Amino acid sequence: MDFLAAIIWDLDPEIVTIGSRPIRWYGPLFASGFFFGIYIAQAMFKREGIPEDWLEKGFLFMLGGTILGARLGHVFFYDWPYYSQHLLEIPMIWQGGLASHGALLGITLALYLYSRYVTKRSIIWISDRVVVPVALGAALIRLGNFTNSEIVGKLADPELPWAVVFALRTDLENPPLPRHPVQLYEAFAYLLIFAFLMFLYWRTQARNRRGELVGWFMTLVFSARFVMEYFKTSQGGFESSLASIAELSTGQWLSIPCVLLGMGFLYYAYSKGVNPWPPVEVKVKKENRAERKRKARKKS
150 MDFLAAIIWD LDPEIVTIGS RPIRWYGPLF ASGFFFGIYI AQAMFKREGI
200 PEDWLEKGFL FMLGGTILGA RLGHVFFYDW PYYSQHLLEI PMIWQGGLAS
250 HGALLGITLA LYLYSRYVTK RSIIWISDRV VVPVALGAAL IRLGNFTNSE
300 IVGKLADPEL PWAVVFALRT DLENPPLPRH PVQLYEAFAY LLIFAFLMFL
350 YWRTQARNRR GELVGWFMTL VFSARFVMEY FKTSQGGFES SLASIAELST
400 GQWLSIPCVL LGMGFLYYAY SKGVNPWPPV EVKVKKENRA ERKRKARKKS
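Count the sequence shown with this note's numbering and you get residues 150 to 449, in order.
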């Protein structure tokens, strides 16, 4: 493989093997999205005087919704013919196979349950806050895809300075040819969106216009996803059954309603204007008589 300008990417996706199970770079990058997400959400909650236990419970809801939704999204949106014949492999997320559109549905369900049983507020309140760290998490996940040499781009001009030869992907062609590093394209786009959302939350009244942040997130992220699909190899799914309508990929078909929904949120937010959420009433737990006696004996 002798390409004058292309970057040769042959990083081993496995960091180490523990027992019989390999640990890939994708795992720490995926987990770091939650780590940084907690840090960002903690700063937001502190600014708004939100109880700390709301953050802890929100993390559990988000973790479950993301993993479950992303996995089932991949199974049903992209590879159901296979998994319909291998049902026992559906829970095996360590073998790979997560879909961002499925993650969106899983997170939405998780936030609905969280809003109903924890915050007792509209789902829009938590959605406007959680989409900020989610944008960063999406960028880190695409970096994980790059380390795995997966979701690769279409063939690129060998003279393109940033074209990448995924040397480990001999299943595509042998020897591998230069391709668009579409994973990095997406990661960069999501980082810009993350920075934009951070600016809106901390420097403007966007957090007080209900639905604005989630509206910008869905409009920008899935518009970017729609464009990036033109640089990707096909990921399969139901795109062939809709080819008579338009030559769009499965990811593009799934992105269209997300963009429209995001625009709907933006229209709602700007039509309602600034409308701050009421402060959270923190309930102080009253000590029972036995607890008071125990503390009194301890002091004496």
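Where a beta carbon is used, it is the ideal one built from N, C-alpha and C, also for glycine.
None of the values given here were measured: they were computed from a predicted structure.
By the Cβ criterion, the segment 363-382 is in contact with the segment 296-305, since at least three pairs of Cβ atoms, one from each stretch, lie closer than 8 Å. Per DSSP, reduced to three states, the secondary structure at I300 is coil, with no helix or strand assignment. Counting only runs of 4+ residues, the alpha helix (DSSP H) found wholly inside the segment 206-269 occupies 229-232, 249-263, in chain order. It is roughly 9 Å from the alpha-carbon of W311 to the alpha-carbon of R328. Ranked by Cα distance from P177, the first of A190, E163, Y188 is E163. DSSP places F387 in the coil class of the three-state scheme, outside both helix and strand. Under the DSSP assignment, F315 falls in the beta strand (DSSP E) whose first and last residues are 313-315. In the DSSP annotation of this structure, the continuous segment of the alpha helix (DSSP H) that includes T368 starts and ends at 361-377. Where V408 is concerned, the enclosing alpha helix (DSSP H) starts and stops at 399-421. Taking a 10 Å sphere around the C-beta of F295, we find 16 or more other C-beta atoms and assign the residue as buried.
For the 8 Å CB-CB criterion, V314 and L333 do not form a contact.
In the DSSP assignment, I187 falls within the unbroken alpha helix (DSSP H) covering 175-197. A direct Cα-Cα distance of roughly 42 Å separates G400 from E430.
Taking 8 Å as the cut-off, the Cβ atoms of L217 and G186 do not count as close. Contact between H250 and G286 does not hold, since their C-beta atoms are separated by about 15 Å, which reaches or exceeds 8 Å.
Taking every protein chain shown into account, the CB of A336 has 16 or more other CB atoms within 10 angstroms, so this residue is buried. R359 is the residue among I405, R170, R359 whose C-alpha sits nearest the C-alpha of R270. Under the 10 Å beta carbon count, Y263 is surrounded by 16 or more other beta carbons and is classified as buried. Here the alpha carbons of E308 and F208 stand approximately 45 Å from one another. Secondary structure at R358: coil, using DSSP grouped into helix, strand and coil. Taking all protein chains in view, the Cβ of M241 is surrounded by fewer than 16 other Cβ atoms within 10 Å, so the residue is classified as exposed. For I394, no beta strand (DSSP E) run applies, since DSSP gives it neither H nor E. The three-state reading of DSSP puts W426 in coil, since its state is none of H, G, I, E or B.
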